[in-house]
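Notes follow the structure.
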Amino acid sequence: MEVFPTAVRKAMVGQGTEVTCLPVQLDAGQWEGAVFFHLAGEESRADREALAGRSGPVAVGMEAETLELAGAAVVALRVEVHARSGDPLAGEILLTPGAARAHFDLLQGLSQQSRLCWFFGDPAHRVIHSQQHALEAAHREELAAVLQEAVEHDALVRLTGRYDADAALAEVAGHYGPRGEGRAETRP
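Start counting the sequence shown at 3; every next residue gets the next number (our numbering).
Okay, here's the thing in structure tokens:
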């Protein structure tokens, strides 16, 4: 892959995000979730330089958590990339599996796939570095458990008639700011 797929670029631009996880079809095979980092701004210059010259993988990590809010469950995928010592590149991908079938399908797919691919792009969405790592059984089980928690929470909220995924997503998103601006605590 030389450039992010068109659907990924459109989704990132349309949502104003610099990191996302979306299903893509790699190696003409199965659809699988992959992480995409768009390193566009001046604040990402050092990250672009560190990644563009790499021949091997960088340390990466992903955690998943279900945030149970009054209106709905929001699943936060926290991703971290250690391309530069002492200043990890981090982001969170927020999903509402009870409101968006695509979010549900993505989490379900991640809980079943055997690898996770990472793609890092420059301002023009050209891939400057990519890598993959295995998703071990424990990782897949964690993702399945997070999805199950979200589904169960949303089922209870729907019974009360208070289901509002947009409000829940806005509540979580309100805690974020760009890198270097002293982000607020991300847990509501």
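Every residue, glycine too, gets a C-beta built ideally from N, C-alpha and C.
Option in the options with minimal Cα separation from residue i
| i | options | result |
| --- | --- | --- |
| ALA139 | VAL148, HIS127, GLN115 | GLN115 |
| ASP192 | ALA175, PRO25, HIS84 | Residue 192 is absent from the structure shown; the chain starts at 3 and stops at 190. |
| VAL26 | PRO125, ARG117, GLU154, ALA102 | ARG117 |
| TRP33 | ARG142, ARG128, LEU108 | LEU108 |
| GLN110 | GLU144, ALA9, GLY163, GLU51 | GLU144 |
| ALA170 | ARG128, ALA101, PHE38 | ALA101 |
| THR98 | LYS12, GLU44, HIS155, GLY16 | HIS155 |
| GLN134 | GLY176, PHE121, GLU4 | PHE121 |
| ARG103 | SER132, CYS119, LEU24 | LEU24 |
For residue i, the residue or residues it bridges with in DSSP
| i | result |
| --- | --- |
| ALA136 | ARG117 |
| VAL15 | Paired residues: none, contrary to the question. |
| ARG2 | In the structure as shown, the chain starts at 3 and stops at 190, and residue 2 therefore has no counterpart that could be examined. |
| THR68 | VAL77 |
| THR162 | Answer is none; THR162 lacks a bridge partner. |
| GLU34 | VAL26 |
Collapsed DSSP secondary structure at residue i in the structure displayed
| i | result |
| --- | --- |
| VAL83 | strand |
| GLY58 | coil |
| GLN27 | strand |
| LEU97 | strand |
| GLU183 | With a pLDDT of only 49 at GLU183, under the threshold of 50, the placement of this residue in the model should not be trusted, and no figure is reported. |
| GLU42 | The residue asked about is misnamed: residue 42 is Ala in this sequence, not Glu. In the structure shown, ALA42 sits in coil (DSSP, three-state: anything other than H, G, I, E or B). |
| ALA92 | strand |
| GLY63 | strand |
| GLY111 | helix |
| GLU20 | coil |
Own chain residues within Cβ distance below 6 Å of residue i, not counting five before or after
| i | result |
| --- | --- |
| GLU187 | Low confidence applies to GLU187: its pLDDT is 38, below 50, so where it sits in the model is not reliable enough to give any reading. |
| HIS40 | MET14, GLU20, GLY123 |
| THR68 | ALA75, VAL77, VAL148, GLU151, ALA152 |
| ALA52 | ALA85, ARG86 |
| ALA72 | none |
| PRO125 | ALA42 |
| GLY63 | GLU82 |
Burial state of residue i, where buried means 16 or more other Cβ atoms lie within 10 Å
| i | result |
| --- | --- |
| PHE6 | buried |
| HIS105 | buried |
| SER57 | exposed |
| GLY35 | buried |
| GLY31 | exposed |
| THR22 | buried |
| GLU4 | exposed |
Other residues of its chain near residue i: CB distance less than 7 Å, five sequence neighbours each side excluded
| i | result |
| --- | --- |
| GLU65 | ARG80 |
| ALA61 | HIS84 |
| ASP166 | GLY73, ALA74 |
Close-in-space but distant-in-sequence residues of the same chain around residue i (CB under 8 Å, 5 per side omitted)
| i | result |
| --- | --- |
| GLY55 | none |
| SER113 | ARG142, GLU143, LEU145, ALA146, LEU149 |
Residue i CB to nearest heavy atom of the ligand PLP below 7 Å
| i | result |
| --- | --- |
| MET14 | In terms of ligand content, the structure shown is empty, and the ligand PLP therefore cannot be addressed. |
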